[in-house]
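Which chain is which? The protein sequence lines are A and B, in order. Be aware that the first sequence starts at 1, since it is given in the numbering used here, and climbs by one per residue. Be aware that the second sequence starts at 483, since it is given in the numbering used here, and climbs by one per residue.
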Amino acid sequence: MIRELHKKLISGEITSEKLTEDYFDAIEKKDPEIKAYLSLNKEFALDKARSVDKRVKNGEEVDLLAGIPCSVKDNICIGGLAATAGSKILENYVPPYDAAAIKKLKDADAVFLGKTNCDEFAMGSSTENSAFQTTKNPHDPLRVPGGSSGGSAAAVAAGMCAYALGSDTGGSIRQPASFCGAVGLKPTYGMVSRYGLIAMASSLDQIGPVAGNVEDAAIVLSRIAGRDRFDSTTMPTADKNYEDLLGGADISGLKIGIPKEYFESEGLDKGVEEKIKNAIAKYEKLGAKIIDISLKNFDHALATYYIIMPCEVSSNMARFDGIRFGKSVGAESEKTGVDYTLWDIYFKTRAKYLGKEVKRRIALGTYALSAGYYDQYYLKAQKVRARILREFKEAFKKVDLILGPTAPTPAFKIGEKTENPLEMYLADIYTVTANIAGIPAISVPCGTIEVDGKNLPVGMQLAGKWFDEETILNAAYIFEKS
Amino acid sequence: MLSKSEVQKIAQLARIEITDEEAEKYSTELSGILDFVEKLNEVETEGVEPIAHISGAKNVIREDKVVEYDDETKDNVINNFPEKKDRFDKVKAVF
């Protein structure tokens, strides 16, 4: 889609201004129901679009993404535009700078339509933890779009942007992509700078694209990847144009690993299992070699995740103290007539403006890191993480890719899992391993299941070797085209 | 099982005021999650080095050089202070 839109812009068949207006019209029409956007950026977007049109008219060469309208998850900072990360505590926060990924998109002359809804600080799998609104799944408004990047995935699926940026800590790009029938890519840890991404769990977070197809995801990845001096965990990456490497390689001989544990999991929906088995058969027909493998620690990845993540959350959330930015009960003294102490400001600000799930994770992390428990929980989890990493290294000696479901079920109903946090966490079982091991993984649509008269999308996940996005994108591209 | 008073202690450490009702709820929920992560003890980790950085980056260093930002950026930082006096962040007395 991006390439076609680009061609039309260059040939003069459409203008970026018209394209941008059309997207705002679509948002005006659909978003009152879907609720994918938290804020819109109309004037700036149209200004940018017109400036791209002018340059095209002057015959200047422009990037593939120039003038193409996109949306951005609200936990990624765009200087001068509110970034709430779905939290009341940041309701009035306006970031003074651009995230590194945003700066790169600006260099490519991207048009930003607005910021999309997400679970508070990206903590959740359904957008139901957003302090502002629950986004609806465009395929069935009674169901969640997935999360935490649910607004981004819903906006893409409903045609309310050409592509979107999301962030993925345990599946937050891939699971909503799966639920909404979009393509979602979590790059290798260290591929895309986290500078300007409001941190959740720093050793797991990664920014990536949600797109309508694999090529679009590749185009976006090529532009946002790269080393950044503001994020010392970024690694030097080969400067690749992933979109130009698609479809070239022959996949006969490609070795795809199928972990047997993926299909022994109790929670796996029969319909999803069938779609994944069909996808495996399709790859076999295309000439790939299907190899049975075993990931014995599959079952431990989620437990590892639910220690490491809340520990890092409890540390990262310490910055929301009512002192330097965000909401503060201290600023309300005049209104309430109460003179707070410093101690009160910490306790009452955090109590009032942080949501339930955020507090739950802070509490869990604080407990696991507290004196006497560190060895038992965090250190143990980091050791199990080392074991999981080793297991993946061994697996990737035998196979090029690992295939499985993205999520155990299609989109679930709004309200279905809000009462039991542990049940909600199980929605992440197939996706968290990629974050634990730092490997890249993509979710690609592989069919739909009819439930209650609606066709719900199912996503297939392909995980690859560290910094080998090329292989997963290519395999996903060939699957999509066949 | 985490008791209510243990939950209150955790909340103190995390600087979050919680009600008695919340403490009760968290005690059940957190205990459920802690039971779930008990699974980790099934994994033998004798002699395993814990992960420090997943893609193996080590000691990334740069020159310690001050970079001046423009006034607009500085103003934008200051505008985010919840309470300010002139261009200062206003904070309650520490002692």
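Where a beta carbon is used, it is the ideal one built from N, C-alpha and C, also for glycine. Quick caveat, the model's predicted, so the values are computed rather than measured.
Exercise for the section: Mind listing the chain A neighbours of R569(B)? Cutoff is C-beta to C-beta under 9 Å, in chain order. Expected result: The residue you call residue 569(B) lines up with position 87 of the second sequence. Going along chain A, no residue has its Cβ under 9 Å from R569(B), so there is no contact; the nearest lies around 14 Å.
Handout entry: Counted within 10 angstroms of its Cβ, other Cβ atoms place Q494(B) as buried (16 or more) or exposed
Key = The count along the second sequence starts at 1 and reaches residue 494(B) at position 12. So Q494(B) counts as exposed.
Exercise for the section: Assess, as a yes-or-no matter, whether the segment 60-69 of chain A is touched by the segment 79-92 of chain A under the definition of 3 or more beta carbon pairs within less than 8 Å. Expected result: no
Practice task
Identify each residue in the segment 217-237 of chain A for which the Cβ-Cβ distance to at least one residue of chain B is less than 8 Å, and report them in chain order.
Solution key: R229, S232, T233, M235
Practice task
Give the residues of chain A in contact with V489(B), contact being defined as C-beta atoms less than 9 Å apart.
Solution key: For the purposes of this step, residue 489(B) is taken as residue 7 along the second sequence, with counting starting at 1. What V489(B) touches in chain A: A363, Y367.
Exercise for the section: Starting from the C-beta of D292(A), find all residues in its chain whose C-beta is less than 7 Å away, skip the five residues before and the five after it, and write them out in chain order. Expected result: Position 292 of the first sequence holds residue 292(A). Contacts found: I258, K260.
Practice task
State yes or no: is the C-beta of L46(A) within less than 9 Å of the C-beta of E21(A)?
Solution key: The residue given as residue 46(A) occupies position 46 in the first sequence. The residue given as residue 21(A) occupies position 21 in the first sequence. It is a contact, given that the beta carbons lie within the stated cut-off.
Practice task
In angstroms with no decimal places, state the Cα-to-Cα distance between G86(A) and V156(A).
Solution key: Position 86 of the first sequence, counting from 1, holds the residue named residue 86(A). Position 156 of the first sequence, counting from 1, holds the residue named residue 156(A). Computed Cα separation, rounded: 19 Å.
Handout entry: Limits of the unbroken beta strand (DSSP E) element including Y340(A)
Key = Here the question's residue 340(A) lines up with position 340 in the first sequence. Segment: none, Y340(A) is in no beta strand (DSSP E) and carries neither H nor E.
Handout entry: Close-in-space but distant-in-sequence residues of the same chain around K115(A) (CB under 6 Å, 5 per side omitted)
Key = The residue labelled residue 115(A) in the question sits at position 115 within the first sequence. Same-chain partners within the cutoff: L38, S39, V72, D74.
Exercise for the section: Compare the C-beta of E565(B) with all C-beta atoms of chain A and state if any pair is closer than 9 Å. Expected result: In the second sequence, the residue the question calls residue 565(B) occupies position 83. So, interface residue.
Handout entry: Segment limits, beta strand (DSSP E) that includes F112(A)
Key = As a first step, residue 112(A) must be located in the first sequence, where it is residue number 112. First-last of the beta strand (DSSP E) with F112(A): 111-116.
Problem - 4 or more residues per run - each alpha helix (DSSP H) lying fully within the segment 239-312 of chain A - result: 270-285
Practice task
May I ask you to report which of helix, strand or coil DSSP gives L142(A)?
Solution key: Locating residue 142(A) in the first sequence gives position 142, counting from the first residue. Note: L142(A) maps to coil in three-state DSSP.
Exercise for the section: Taking A101(A) and V210(A) to be in contact with their CB atoms under 8 Å, please state how far apart those CB atoms are, rounded to whole angstroms. Expected result: The sequence position of residue 101(A) within the first sequence is 101, counting from 1. The sequence position of residue 210(A) within the first sequence is 210, counting from 1. At roughly 13 Å, the Cβ-Cβ gap does not stay under 8 Å, so A101(A) and V210(A) are not in contact.
Handout entry: Cα-Cα separation between S333(A) and D299(A), rounded to whole angstroms
Key = In the first sequence, counting from the first residue as 1, residue 333(A) sits at position 333. In the first sequence, counting from the first residue as 1, residue 299(A) sits at position 299. C-alpha separation (whole angstroms): 50 Å.
Handout entry: Local Cβ density within 10 Å of V576(B), reported as buried at 16 or more and exposed below that
Key = Taking the first residue of the second sequence as 1, we reach residue 576(B) at position 94. Label assigned to V576(B): exposed.
Problem - Backbone secondary structure at Q133(A) - three-state DSSP - result: The sequence position of residue 133(A) within the first sequence is 133, counting from 1. Residue state, collapsed to three classes: coil.
Handout entry: Exposure label - T336(A); buried when at least 16 CB within 10 Å
Key = To locate residue 336(A), count along the first sequence from 1; it is residue 336. The residue in question, T336(A), is exposed, as its Cβ has fewer than 16 Cβ neighbours within 10 Å.
Exercise for the section: Would you please verify whether the beta carbon of L197(A) is less than 9 Å from any beta carbon of chain B? Expected result: If you number the first sequence from 1, residue 197(A) lands on position 197. No, L197(A) lies away from the interface with chain B (no Cβ there is under 9 Å from its Cβ).
Problem - Continuous alpha helix (DSSP H) stretch holding I362(A): start and end - result: As a first step, residue 362(A) is located in the first sequence; it is residue number 362 there, counting from the start. It spans 356-369 - the alpha helix (DSSP H) in which I362(A) sits, taken as one unbroken run.
Handout entry: With 16 other Cβ atoms within 10 Å as the buried cut-off, status of E120(A)
Key = Against the first sequence, residue 120(A) aligns to sequence position 120. Its Cβ being crowded by 16 or more others within 10 Å, E120(A) is buried.
Exercise for the section: Below 6 Å CB to CB, which residues in the same chain sit around A279(A) once its five sequence neighbours on both sides are set aside? Expected result: Taking the first residue of the first sequence as 1, we reach residue 279(A) at position 279. So the list reads C446, M460, once near-sequence residues are dropped.
Practice task
Please compile the residues from chain A whose C-beta is within a distance smaller than 8 Å of the C-beta of V573(B).
Solution key: What you label residue 573(B) is simply residue 91 of the second sequence in a count that begins at 1. Near V573(B) (Cβ distances below 8 Å), the residues of chain A are I323, L342.
Practice task
Scan the segment 446-467 of chain A for residues whose Cβ lies nearer than 7 Å to a Cβ of chain B and list them as they occur along the chain.
Solution key: W466
Problem - Interface flag, Q133(A) vs chain B, CB-CB below 9 Å - result: To locate residue 133(A), count along the first sequence from 1; it is residue 133. Judged by the 9 Å Cβ criterion, Q133(A) is not in contact with chain B.
Practice task
Mind checking which residues open and close the beta strand (DSSP E) that includes Y477(A)?
Solution key: Along the first sequence, one-based indexing puts residue 477(A) at 477. Not the beta strand (DSSP E): Y477(A) falls in the alpha helix (DSSP H), residues 469-481.
Exercise for the section: Would you verify that the beta carbon of R350(A) is, or is not, closer than 9 Å to some beta carbon of chain B? Expected result: As a working mapping, residue 350(A) is identified with position 350 in the first sequence. Yes, its Cβ sits closer than 9 Å to a Cβ of chain B.
Exercise for the section: With a 10 Å radius around its C-beta and 16 neighbouring C-beta atoms as the bar for buried, classify S11(A) as buried or exposed. Expected result: What you label residue 11(A) is simply residue 11 of the first sequence in a count that begins at 1. Exposed is the call here.
Exercise for the section: Taking T304(A) as the query, report the chain B residues whose CB atoms sit under 7 Å from its CB, ordered along the chain. Expected result: Along the first sequence, read from residue 1 onward, the residue named residue 304(A) stands at position 304. Near T304(A) (Cβ distances below 7 Å), the residues of chain B are L522.
Exercise for the section: Using a threshold of 9 Å, state whether the C-beta atoms of L462(A) and I536(B) are closer than that. Expected result: For the purposes of this step, residue 462(A) is taken as residue 462 along the first sequence, with counting starting at 1. For the purposes of this step, residue 536(B) is taken as residue 54 along the second sequence, with counting starting at 1. No, these two residues do not count as a Cβ contact at 9 Å.
Practice task
Consider the Cβ of E503(B): report whether some Cβ of chain A lies at a distance smaller than 9 Å.
Solution key: Start at 1 with the first residue of the second sequence, and residue 503(B) comes out as number 21. Not one chain A Cβ lies under 9 Å of E503(B).
Handout entry: Sub-9 Å separation of A490(A) and V530(B) beta-carbons
Key = The requested residue 490(A) is not part of the displayed model; chain A covers only 1 to 482.
Exercise for the section: Tell me whether the beta-carbon of L245(A) lies closer than 9 Å to the beta-carbon of E470(A). Expected result: Along the first sequence, read from residue 1 onward, the residue named residue 245(A) stands at position 245. Along the first sequence, read from residue 1 onward, the residue named residue 470(A) stands at position 470. Going by C-beta atoms, L245(A) is nearer than 9 Å to E470(A).
Exercise for the section: Compile a chain-ordered list of the residues in the segment 271-299 of chain A whose CB is closer than 8 Å to at least one CB of chain E. Expected result: In the structure shown, chain E cannot be found, because the protein chains are A and B.
Exercise for the section: Determine the chain B residues that contact T188(A) at a beta-carbon separation under 8 Å, and present them in chain order. Expected result: Taking the first sequence and counting its residues from 1, one reaches residue 188(A) at position 188. Under the 8 Å cutoff, chain B gives S537.
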